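First up is the structure itself, then whatever we jot down about it.
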């Protein structure tokens with residue numbers, strides 16, 4: 055029986071999109087946490103980290119309440135894009151984002167904070183705006199650690215099961231990611247398919263994590 | 052011309068004692084040295100002027116521009132202060148070549164002028180050969196010159212140096228002094244230099260501000276401060292001094308003379324303005340102003356017998372440490388002449404006597 059590779063492609067696509075969003079939003083959040091002083095800063099950090107520790111069912115429940123067709127956000131999405139968000143592959147992206155964003159913010163904040171403060175002072179002293187300081191000094195110096203964080207976030211995006219199942223469902227050929235497809239295959243006794251997908255997704259994750267380790271200056 | 056009145060307090064923390072800085076000073080063109088022990092607030096003073104730290108109160112005026120005014124709530128960003136800062140570890144951007152480091156600093160200038168200015172600085176600071184290399188690929192001297200060139204390229208109105216020669220070996224230190232003297236001659240800006248090295252104060256400083264625990268304890272030309280320290284604390288900061296308790300027995304302004312009782316001995320000194328007969332004072336003499344000689348009969352005037360405890364080898368001289376905590380520095384040839392002496396006399400030259 056030929057193997058249906060759709061779940062693998064879908065998982066990779068979901069991971070790409072969620073990592074791209076996590077990179078944009080996460081870097082911005084990390085910059086704020088690393089540079090600004092404001093009340094509730096550590097509360098914001100904790101809120102961003104929360105999805106790492108909550109059970110997937112809790113997260114799935116939140117997302118369903120927030121994004122379902124009859125919720126304000128769900129209605130907004132439908133009026134902008136013309137179709138509901140939940141039980142589509144885009145909902146799987148949101149589910150993956152819940153896991154990749156905290157990882158990215160945490161590691162990017164640490165990476166930005168590890169840049170020598172005297173270099174940032176030097177840049178300001180030489181008249182560089184905060185914007186130029188970030189793009190020309192801080193980011194290039196933190197580049198390797200941030201790329202490692204991106205790789206880690208990508209690997210984590212591949213692996214979500216519970217939240218995806220709750221908000222994107224298990225529609226073969228439409229919302230079925232690798233993790234969900236494996237569950238499905240095991241349940242229906244298709245051990246050959248389960249074994250193949252398990253090995254492939256493990257290999258992909260191993261590859262990405264190795265890459266992340268090589269990027270991270272601490273492991274060099 | 053920079054004039055600053057600064058106040059900044061830090062409350063006690065689990066890992067640090069409370070600290071408060073309260074300082075007022077002015078500095079004109081030339082090198083003004085901020086001298087003091089670690090933790091006296093020297094670097095904090097530079098950081099407050101550069102805008103990296105914010106004073107609680109005070110006023111910083113550079114030429115006729117207000118950089119900070121607590122009362123009027125004016126506080127310019129570090130970007131707009133136009134103060135060149137040479138950091139202790141140079142803080143060159145490690146991912147840029149030396150040329151790019153300079154270009155980064157010149158970026159607000161028009162493109163053509165920027166290029167010309169960078170080349171001019173590379174040449175002036177003998178960095179032409181190393182321009183294409185990154186900081187970790189060039190010598191310590193080149194890194195140092197590059198950091199000074201980078202601080203100067205924006206034509207700052209004030210130059211700040213944070214312990215620039217700290218941890219340098221002797222040849223590099225000498226080279227740095229040379230570069231700095233050149234900079235002092237070429238750029239007519241005030242330069243504030245933080246150090247806790249006394250040699251550096253004399254080598255470079257025209258003016259000297261002595262800081263201790265966040266307060267200015269004395270200011271003036273280095274030579275004048277060394278000649279007449281304001282108090283025993285300053286004297287100790289300036290190196291090993293002979294600080295001996297004594298009592299003033301006689302003062303004669305007419306003959307410019309005084310008599311000072313030190314233990315069982317009476318010494319003659321110059322007139323001490325501002326003191327009264329009977330004052331308990333501290334006699335303060337630098338070791339190199341004293342002479343040690345072999346006893347030969349009765350001690351002459353201003354000579355007191357002393358017991359030698361040990362002789363310490365120094366690069367250019369010998370330091371003789373006598374009982375009672377008196378040290379005498381002798382040049383090597385002078386020491387060779389008296390080295391076998393058993394019975395010592397210390398002579399206090401009349402004019403070298405100072406009291407605090």
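Protein chains in written order, with our numbering: chain A, 55 to 274; chain B, 52 to 407.
The beta carbon of each residue, even a glycine, is placed where N, CA and C say it ideally should be.
Fair warning: this is a prediction, and the values are worked out from it, not measured in the lab.
Proximal residues to residue i (C-beta, below 8 angstroms), its chain only, five neighbours per side dropped
{"i": "residue 194 of chain B", "result": "141, 143, 186"}
{"i": "residue 77 of chain A", "result": "158, 204, 207"}
{"i": "residue 262 of chain B", "result": "74, 85, 86, 87, 91, 92, 93, 96, 268"}
{"i": "residue 183 of chain A", "result": "none"}
{"i": "residue 107 of chain B", "result": "58, 59, 60, 121"}
{"i": "residue 285 of chain B", "result": "261, 263, 268, 269, 276"}
{"i": "residue 63 of chain B", "result": "69"}
{"i": "residue 159 of chain B", "result": "205"}
{"i": "residue 111 of chain A", "result": "216, 220"}
Neighbourhood of residue i by C-beta, 7 angstroms cutoff - its chain only, sequence neighbours within 5 removed
{"i": "residue 152 of chain A", "result": "105, 113, 217"}
{"i": "residue 80 of chain A", "result": "155, 158, 159, 162"}
{"i": "residue 229 of chain A", "result": "141, 142, 143, 146, 222, 223"}
{"i": "residue 274 of chain A", "result": "Confidence is the limiting factor: at residue 274 of chain A the pLDDT is only 45, short of 50, which leaves the residue's position unreliable, though a coordinate-based value still follows. The answer is none, since no qualifying residue turns up."}
{"i": "residue 145 of chain B", "result": "185, 186, 187"}
{"i": "residue 192 of chain B", "result": "223, 226"}
{"i": "residue 182 of chain B", "result": "148, 149, 150, 173"}
{"i": "residue 391 of chain B", "result": "none"}
{"i": "residue 125 of chain B", "result": "117, 119"}
Residue range of the unbroken beta strand (DSSP E) whose run includes residue i
{"i": "residue 136 of chain B", "result": "134-137"}
{"i": "residue 109 of chain B", "result": "108-113"}
{"i": "residue 83 of chain B", "result": "81-86"}
{"i": "residue 119 of chain B", "result": "116-120"}
{"i": "residue 60 of chain B", "result": "53-61"}
Check whether residue i and residue j have beta carbons under 8 angstroms apart
{"i": "residue 267 of chain B", "j": "residue 75 of chain B", "result": "yes"}
{"i": "residue 255 of chain A", "j": "residue 212 of chain A", "result": "yes"}
{"i": "residue 269 of chain A", "j": "residue 166 of chain A", "result": "no"}
{"i": "residue 333 of chain B", "j": "residue 296 of chain B", "result": "yes"}
{"i": "residue 401 of chain B", "j": "residue 353 of chain B", "result": "yes"}
{"i": "residue 385 of chain B", "j": "residue 370 of chain B", "result": "no"}
{"i": "residue 375 of chain B", "j": "residue 362 of chain B", "result": "no"}
{"i": "residue 273 of chain B", "j": "residue 292 of chain B", "result": "no"}
{"i": "residue 111 of chain B", "j": "residue 202 of chain B", "result": "no"}
{"i": "residue 130 of chain A", "j": "residue 148 of chain A", "result": "no"}
{"i": "residue 298 of chain B", "j": "residue 312 of chain B", "result": "yes"}
{"i": "residue 290 of chain B", "j": "residue 249 of chain B", "result": "yes"}
{"i": "residue 320 of chain B", "j": "residue 309 of chain B", "result": "yes"}
{"i": "residue 344 of chain B", "j": "residue 396 of chain B", "result": "yes"}
{"i": "residue 213 of chain B", "j": "residue 245 of chain B", "result": "yes"}
{"i": "residue 275 of chain A", "j": "residue 139 of chain B", "result": "Nothing about residue 275 of chain A can be reported from this structure: the residues present for chain A run from 55 to 274 only."}
{"i": "residue 193 of chain A", "j": "residue 173 of chain A", "result": "no"}
{"i": "residue 71 of chain B", "j": "residue 247 of chain B", "result": "no"}
{"i": "residue 64 of chain A", "j": "residue 231 of chain A", "result": "yes"}
Terminal residues of the alpha helix (DSSP H) in which residue i lies
{"i": "residue 112 of chain A", "result": "110-121"}
{"i": "residue 199 of chain A", "result": "193-212"}
{"i": "residue 245 of chain A", "result": "245-269"}
{"i": "residue 77 of chain B", "result": "Careful: residue 77 of chain B lies outside any alpha helix (DSSP H), inside the beta strand (DSSP E) at 70-78."}
{"i": "residue 70 of chain A", "result": "60-89"}
{"i": "residue 94 of chain B", "result": "93-101"}
{"i": "residue 151 of chain B", "result": "149-156"}
{"i": "residue 131 of chain A", "result": "126-135"}
{"i": "residue 103 of chain A", "result": "95-103"}
{"i": "residue 56 of chain A", "result": "No alpha helix (DSSP H) holds residue 56 of chain A; DSSP gives it neither H nor E."}
{"i": "residue 172 of chain A", "result": "171-179"}
{"i": "residue 170 of chain B", "result": "162-175"}
{"i": "residue 240 of chain A", "result": "232-241"}
{"i": "residue 185 of chain A", "result": "184-187"}
6 angstroms CB neighbourhood of residue i in its chain, flanking five on each side removed
{"i": "residue 83 of chain B", "result": "243, 258"}
{"i": "residue 53 of chain B", "result": "78, 113, 209, 241"}
{"i": "residue 229 of chain B", "result": "none"}
{"i": "residue 342 of chain B", "result": "398"}
{"i": "residue 403 of chain B", "result": "336, 340"}
{"i": "residue 258 of chain A", "result": "none"}
Legend entry - Touching by the beta-carbon criterion (3+ pairs, under 8 angstroms), the stretch 196-205 of chain B and the stretch 144-157 of chain B: With a cut-off of 8 angstroms on Cβ pairs, the stretch 196-205 of chain B is in contact with the stretch 144-157 of chain B, counting three or more such pairs.
Inset, instruction - Tell me, please, whether the stretch 97-108 of chain B touches the stretch 296-304 of chain B by the rule of three or more beta-carbon pairs shorter than 8 angstroms. - result: Segment contact: the stretch 97-108 of chain B against the stretch 296-304 of chain B, fewer than three CB-CB distances shorter than 8 angstroms; contact not assigned.
Legend entry - Ordered list of beta strand (DSSP E) runs contained in the stretch 246-320 of chain B, each at least 3 residues: For the stretch 246-320 of chain B, the full-length beta strand (DSSP E) segments reaching 3 residues or more read 258-263, 266-271, 293-303, 308-313, 316-320 along the chain.
Inset, instruction - Mind the definition here: the stretch 84-101 of chain A touches the stretch 230-244 of chain A only if three or more C-beta pairs lie below 8 angstroms; say whether that holds. - result: No, the stretch 84-101 of chain A does not touch the stretch 230-244 of chain A.
Inset, instruction - Count the CB pairs spanning the stretch 163-182 of chain A and the stretch 106-126 of chain A that are closer than 8 angstroms, and state whether there are at least three. - result: With the cut-off at 8 angstroms, the stretch 163-182 of chain A and the stretch 106-126 of chain A do not touch.
Inset, instruction - Any chance you could list the alpha helix (DSSP H) runs of at least 4 consecutive residues sitting entirely within the stretch 179-251 of chain B, in chain order? - result: Entirely contained in the stretch 179-251 of chain B, the alpha helix (DSSP H) runs reaching 4 residues are, in chain order, 191-203, 221-237.
Inset, instruction - Ignoring anything shorter than 3 residues or poking outside the stretch 318-395 of chain B, list the beta strand (DSSP E) runs there in chain order. - result: Assignment of beta strand (DSSP E) within the stretch 318-395 of chain B, counting only whole runs of 3 or more residues, yields 331-336, 342-345, 354-357, 359-364, 368-373, 377-382 in chain order.
Legend entry - Residues in the stretch 92-125 of chain B having any Cβ partner in chain D nearer than 7 angstroms: Absence of chain D from the displayed structure is noted, the protein chains being A and B.
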